[in-house]
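Chemist:
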Amino acid sequence: MTTGNPESLSEVDQQRLLEWFDGSSRNLPWRANPTPYRVWISEVMLQQTTVAACIPYFEKWMEAFPTVESLALADMKRVLVAWQGLGYYRRARNLHKAAQIINTQGWPPSLEGWKAMPGIGNYTAGAIASIALKLPTPTVDGNIKRVYARLTADQSSFSQLDKRAWKWAAKNLVSSRAGDWNQALMELGATLCRPLAPKCEACPLKSCCLAHRLGIVEQVPEKPVRKRAVELHLAAIVYWRVHHEELEIGLIQAEQSNWWEGMTIFPTQQLDQSLDQTEKPNAIGRVTHTVTHHKITFAVCLEQVHGKMSGVNFVRASALSELPMPSAHQKIWKLASKKLLDL
DNA sequence: AAACCGGGGGC
DNA sequence: GCCCCAGGTTT
7 MTTGNPESLS EVDQQRLLEW FDGSSRNLPW RANPTPYRVW ISEVMLQQTT
57 VAACIPYFEK WMEAFPTVES LALADMKRVL VAWQGLGYYR RARNLHKAAQ
107 IINTQGWPPS LEGWKAMPGI GNYTAGAIAS IALKLPTPTV DGNIKRVYAR
157 LTADQSSFSQ LDKRAWKWAA KNLVSSRAGD WNQALMELGA TLCRPLAPKC
207 EACPLKSCCL AHRLGIVEQV PEKPVRKRAV ELHLAAIVYW RVHHEELEIG
257 LIQAEQSNWW EGMTIFPTQQ LDQSLDQTEK PNAIGRVTHT VTHHKITFAV
307 CLEQVHGKMS GVNFVRASAL SELPMPSAHQ KIWKLASKKL LDL
């Protein structure tokens, strides 16, 4: 049993973690063949989603856009459809933008080169540089931050912790296996050193973990204060018509710098919070959608249209799935389509 | 339904 | 450094 200083891990502890990773790491599609393209796409997907949810998206993505060139030349709409359901759609736009840069300038050869790419920050650049380029670069994500905070019992505030975790990660990097080392720390954080109910007994680093020794594992790291969600009340209007004996739905494209830019959505109207607009005669119910720090309530209204409508594109209902529609509006469609089928 | 996690980027 | 982005999972 070593009880080394967690600020500066002993070689024995480092090897212990790497061996645990070698023996327990999951068989993930992007790990099998860690080319820059595959690591890049997987890392950006993983920024906001769990591993399990990412796997089918990653595999579909690689079929749709097998190379950076195919991504660079692809239609933005196709890219958004492939990303549909993952959320934070700006990331898909950034992937597309970066693909075009890479397609003309070549692959970034360094950490700094990756950091200059749109949508790539400190974490993702460090991950790609170490995993795909095999460069000895550290990285820090939420998992590594938590592992660091617990190992050293660092109870600093959330913003302080970030700086300290990066220092620690740089100091303790196993340079000869940087990619594996970074992934081992993240895997540890995701599977054992979890935010809630950590599995300390199974942890390869428990003998040098200060928080474990002090019995304060679940109190570290300090949780950031969260703001209450802002409530928004909107009416979502589902315009519909029968055209050539087919049901068609009126949709718009979210404008630049608006929510869900470039995605296909139902027209909405701001509502007075004090009014319960579901009382309106054409309202069929409500949909709630919580994102980041907004709680949106949509009063869904059906409205039949005869002929055209300016600013609204009518699309065959059966073709809706080919359009990039954010989850919130898919919920609206789910409610509206059920009602429309009853008519 | 409430609580929770999360990385990039603009300021 | 702080705050916003326009979400999903866990409890």
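Last residue of the first sequence: 349 in this note's numbering, with the numbers rising by one and none dropped. C-beta: ideal position from N, C-alpha, C; glycine also.
1) Given that a residue counts as buried once 16 or more other Cβ atoms are within 10 Å of its Cβ, and exposed if not, what is G195?
2) R234 and C199 look like a contact to me (Cβ under 8 Å); what is the Cβ gap, rounded to whole Å?
3) Identify, in the order they occur along the chain, each residue of the same chain with its Cβ nearer than 7 Å to the Cβ of G125, setting aside the five sequence neighbours on each side.
4) Compute the distance between the beta-carbons of P330 and Q90, then report whether it is under 7 Å.
5) Tell me which same chain residues have a C-beta within less than 6 Å of the C-beta of P42, skipping the five on either side of it?
6) What's the gap between the Cα of A334 and the Cα of I302?
7) If distances are taken between C-alpha atoms only, which option among L117, Q111, V146 and C214 comes closest to N11?
8) With distances taken from CA atoms, which of V74, H295 and E261 is nearest T270?
9) Just how far apart, CA to CA, sit E13 and W172?
10) Give me the Cα-Cα distance between W36 and R247, rounded to the nearest whole angstrom.
11) According to DSSP, is H102 helix, strand or coil?
12) Can you list, in chain order, the residues of its chain with a C-beta nearer than 8 Å to that of L277? Leave out the 5 residues immediately preceding and following it.
13) Using the C-alpha atoms, what's the distance from L77 back to Q259?
14) Following the continuous alpha helix (DSSP H) through Y129, name the residue where it begins and the one where it ends.
15) Given T296, which residues of its chain have a CB within under 7 Å of its CB, disregarding the five upstream and five downstream residues?
16) Below 7 Å between beta carbons: does that hold for A88 and A59?
17) Please report the residue range of the beta strand (DSSP E) in which H300 lies.
18) Buried or exposed: I222, going by 16 or more other Cβ atoms within 10 Å of its Cβ?
19) Am I right that V74 and N109 are in contact with their C-beta atoms under 8 Å? What's the rounded C-beta distance?
20) Rounded to the nearest angstrom, what separates R84 and N264 at their Cα positions?
21) Should L349 go down as buried or exposed, given a rule of 16 or more other Cβ atoms within 10 Å for buried?
22) Within the continuous alpha helix (DSSP H) that includes L157, where are the two ends?
23) At which residues does the beta strand (DSSP E) containing H239 begin and terminate?
Modeler: In short:
1) Position 189 of the first sequence, counted from the start, is the residue given in the question as residue 195. Buried, by the Cβ-count rule.
2) If you number the first sequence from 1, residue 234 lands on position 228. If you number the first sequence from 1, residue 199 lands on position 193. Cβ atoms of R234 and C199 stay farther apart than 8 Å, at about 29 Å.
3) What you label residue 125 is simply residue 119 of the first sequence in a count that begins at 1. So the list reads V50, R97, N100, L101 and A104, once near-sequence residues are dropped.
4) Position 324 of the first sequence, counting from 1, holds the residue named residue 330. Position 84 of the first sequence, counting from 1, holds the residue named residue 90. At a Cβ-Cβ threshold of 7 Å, P330 and Q90 count as neighbours.
5) Within the first sequence, numbered from 1, the residue matching residue 42 stands at position 36. Answer for P42: W113 and A138, listed in chain order.
6) The sequence position of residue 334 within the first sequence is 328, counting from 1. The sequence position of residue 302 within the first sequence is 296, counting from 1. Answer to the nearest angstrom: the Cα atoms are 9 Å apart.
7) Taking the first residue of the first sequence as position 1, residue 11 is located at position 5. Comparing Cα positions, the closest option is C214.
8) On the first sequence, residue 270 is found 264 positions in, with the first residue counted as 1. Checked all of V74, H295 and E261; the closest Cα to T270 is E261.
9) By one-based count along the first sequence, residue 13 stands at place 7. By one-based count along the first sequence, residue 172 stands at place 166. Annotation: E13 to W172 spans about 12 Å, alpha carbon to alpha carbon.
10) Indexing the first sequence from 1 puts residue 36 at position 30. Indexing the first sequence from 1 puts residue 247 at position 241. About 45 Å.
11) Looking up residue 102 in the first sequence gives position 96. In the structure shown, H102 sits in a helix (DSSP, three-state: H, G or I).
12) To locate residue 277, count along the first sequence from 1; it is residue 271. These residues qualify, in order along the chain: H239, L240, A241, Q283 and A305.
13) By one-based count along the first sequence, residue 259 stands at place 253. By one-based count along the first sequence, residue 77 stands at place 71. Their Cα atoms are separated by approximately 22 Å.
14) What you label residue 129 is simply residue 123 of the first sequence in a count that begins at 1. Per DSSP, the unbroken alpha helix (DSSP H) holding Y129 starts and ends at N128 to I137.
15) Your numbering for residue 296 matches position 290 in the first sequence. The residues are A235.
16) Counting from one through the first sequence, the residue named residue 88 turns up at place 82. Counting from one through the first sequence, the residue named residue 59 turns up at place 53. In this structure, A59 does not lie closer than 7 Å to A88 by Cβ.
17) Start at 1 with the first residue of the first sequence, and residue 300 comes out as number 294. Counting along the chain, the beta strand (DSSP E) containing H300 begins and ends at H300 to Q310.
18) Position 216 of the first sequence holds residue 222. Classification of I222: exposed, given that the 10 Å Cβ count is below 16.
19) Locating residue 74 in the first sequence gives position 68, counting from the first residue. Locating residue 109 in the first sequence gives position 103, counting from the first residue. Correct: roughly 6 Å between the Cβ atoms.
20) Locating residue 84 in the first sequence gives position 78, counting from the first residue. Locating residue 264 in the first sequence gives position 258, counting from the first residue. Their Cα atoms are separated by approximately 20 Å.
21) By 1-based counting over the first sequence, the position of residue 349 is 343. Answer is exposed; the Cβ neighbour count stays below 16.
22) As a first step, residue 157 must be located in the first sequence, where it is residue number 151. Unbroken alpha helix (DSSP H) run through L157: G148 to L157.
23) The sequence position of residue 239 within the first sequence is 233, counting from 1. Element bounds for H239: V236 to H249.
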